[in-house]
Every structure is written in C-alpha cells, then in structure tokens.
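Notes to accompany the following structure.
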Amino acid sequence: MQELLEKLIEKHKPVCNKGKIPDYIPILREQDPFGLGITVVTTDKKIVSAGDCPTRFTLQSISKVIALILSIMDNGEEAVFAKVGMEPTGDPFNSIYKMEVFSYSKPLNPMINAGAMVVSSLINGKTVSEKLERLLKLVRDMAENDQIQIEEEVFRSEWEQAHRNRALAHFLKELDLIYDVEDALAVYLRQCAIGVDCTDLAKIGLCLAQNGRSYSGKQLFSRHVARLAKTFMVTCGMYNASGEFAIRVGIPAKSGVSGGILASVPDRMGIGVIGPALDEKGNSIGGIAILEDLSCEWNLSIF
2 MQELLEKLIE KHKPVCNKGK IPDYIPILRE QDPFGLGITV VTTDKKIVSA GDCPTRFTLQ
62 SISKVIALIL SIMDNGEEAV FAKVGMEPTG DPFNSIYKME VFSYSKPLNP MINAGAMVVS
122 SLINGKTVSE KLERLLKLVR DMAENDQIQI EEEVFRSEWE QAHRNRALAH FLKELDLIYD
182 VEDALAVYLR QCAIGVDCTD LAKIGLCLAQ NGRSYSGKQL FSRHVARLAK TFMVTCGMYN
242 ASGEFAIRVG IPAKSGVSGG ILASVPDRMG IGVIGPALDE KGNSIGGIAI LEDLSCEWNL
302 SIF
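Quick note: the sequence shown uses our numbering, first residue 2, plus one each step.
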C-alpha cells in the first residue's frame, strides 16, 4: 500500500502544473501549487500516508458534510430538508441562478454555499460561538484529534472578501430561510476555516465509511445519517463535476477550495487528500488524478 501511494504521488505531481491556486481568498494564495499528499485509513486500523500529508489546510466546503450531519442530528431530517433541497445542480457552488430564475423557495442542496449557510444556521446553539463549539467537537470526535482548531487568520481573510456569500445570505434572509445574515455568515465562514491534515480527513472519511463509528469504535451518529451524508457526497460533493467524478472514480467524496478532498469507501476505508492546485471546477486536479488511479487499482467504486 505504501509503495503504491508513493508511486501515485510521484506520477501525478506534474499534473498540478495544469491547475491553479484560487486567487479570490488572499491567504490561500500562499499555498504550494505543487503540494500533493494522501492518507488512507482502513477499517482494520491501518494508516498509510505519502507525499505532503503533514501539510495543514482548512476544510472549506468539506465542512458542509459535517455541518449537515450535526444539523440533522439536532433538528431531524424533515426539518432540515424543509429548508434545503436534495437535488444536484450544474451551476457553480456560489451561484443562486436557479433560485432566482426558476423561483425555487430554497437552495437546491446542502453542498452549495447557499444551502450550506442554511444548514449551518440550523445547528443548535444560542450564539455563534455555541454553534461552532458543537460543530468543532464533532469534527474532533470524527478525526479523533482534540488539537483541531479554527484558523482565525484564514477566517479573517475570507470574511473580508465575503461579498458574494454575504449577498447569498441576504437573499436567504429575504426568503426567511435564515434568522440573521451576519451570524449565519460567521458560522459558515468559521466552519470553513477549521484546520486539518490528511490523517484527520482520512479518519473523518473512515467514520463515514463505518456508518458513524469512529476509528476507535465510538458511535457518533446513526447509520441513516451517515448514508444521507455519503449520498450527498456522491450526487453533489465535487461541485458541478460530481457526475464525472462518480463515473471515473465512484467514491463518495467532498472537495474544498483549499485543495482538500474527503473520500469515504463504505466498509473499507477513509481517504484524505491535499493538492492545492485546482481545476476549472474548483477541485484538486492532482487529488482527483490520484483517486481515479487508486479506485482502479483497488476496485473502490461503489457502482
């Protein structure tokens, strides 16, 4: 396993040259465009890493999966999906085009920014801090790492440039889907700024692969909630490249603009990948290449 992962890192490092670092979040411009790392954690407790796996990065949109889990645990499935839909969209992750043009009454799914803000606002807690403390605890429990923190410098960088997301929040407020624009935005952007490494991400993926059971065996949430999360990862997790990823790779996965990819192979393993250079859809170009080869080598596709 170690040899294969190192081989794939070496093979796909050059493809990073075809991607680019996002320039709309100032602090992310500092990432190494040629960085590439992977960790695999299996159900029989093997942990294998290769490449730049110790590199720390922020969850960004990967956090949407964990926020969805917590929101469903807090409110129940029916209440959450009364305010956010279940359908994929071919539009960019920060778009509300279909809501505006087709007069939808709620965001299409929890994996686009508008839907994620609604989901995060539903997390139980009287204040922004209480909501975030509960979300951070779930991230730590899934990764089994109490040192995971919110990277305040990343949050501040995103907060200062959050013009599109603030506009989305005002639109959601007009539809009565969130209570307070600034609070909803603060929860959402801070959850995006939670810092992890590939091993943390792989253990989170393992927890999903084991239907809510962590690496050490603690049941954190139900099989049903895990199934819901993995289903959204398949249908919506890789932005508007989710269909192609499902065909070529076939693994439930969620990407983030930091270059991270969370992948979960049911009953087999969790995978964490970092590759900051992104393709035109906003996904790690090197990370996708590695996962495609890995899926082929180990027959990981769920289809």
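Where a beta carbon is used, it is the ideal one built from N, C-alpha and C, also for glycine.
For residue 247, the uninterrupted alpha helix (DSSP H) segment begins and ends at 243-249. In this structure, DSSP gives residue 58 an extended state, which the three-state scheme calls strand. Taking the Cα of residue 107 as reference, the smallest distance to any Cα among 127, 174, 54, 149 is reached at 174. Assigned with DSSP and collapsed to three states, residue 270 falls in strand. In the DSSP assignment, residue 84 falls outside any beta strand (DSSP E) and carries neither an H nor an E. For residue 52, the uninterrupted beta strand (DSSP E) run begins and ends at 48-52, by DSSP. Rounded to whole angstroms, the separation of the alpha carbons of residue 45 and residue 162 is 43 Å. By the 16-neighbour rule on beta-carbons within 10 angstroms, residue 224 is exposed. A contact is defined here as three or more CB-CB pairs under 8 Å, and the stretch 190-210 meets this definition with respect to the stretch 269-277. In this structure, DSSP gives residue 38 an extended state, which the three-state scheme calls strand.
Between residue 37 and the set 197, 13, 31, 157, the nearest pair of CA atoms involves 13. With respect to the 8 Å criterion, residue 237 and residue 76 are not classified as neighbours on the basis of their beta carbons. In the structure shown, the three-state DSSP call for residue 140 is helix.
Residue burial annotation: residue 15 is exposed, with fewer than 16 other C-beta atoms found within 10 angstroms of its C-beta.
Per DSSP, reduced to three states, the secondary structure at residue 275 is strand. When secondary structure is reduced to three states using DSSP, residue 197 falls in the strand class. By the C-beta density criterion, residue 68 is buried, having at least 16 other C-beta atoms within 10 angstroms.
In this structure, the straight-line span from the alpha carbon of residue 235 to that of residue 220 is close to 23 Å. Shown here, residue 163 sits in coil according to DSSP, grouped into three states, outside any helix or strand.
In the DSSP assignment, residue 255 falls within the unbroken beta strand (DSSP E) covering 254-256. Looking at the backbone, the Cα of residue 297 and that of residue 4 are separated by about 16 Å. Counting along the chain, residue 226 sits inside the alpha helix (DSSP H) bounded by residues 224-237. In this chain, the alpha helix (DSSP H) harbouring residue 3 covers 3-13.
Here residue 222 is buried. Its C-beta has 16 or more other C-beta atoms within 10 Å.
Closest in alpha carbon position to residue 304, among 87, 276, 253, is 253. For the pair residue 29 and residue 20, the Cα-to-Cα distance works out to about 14 Å. For residue 69, the enclosing alpha helix (DSSP H) stretches over residues 64-76.
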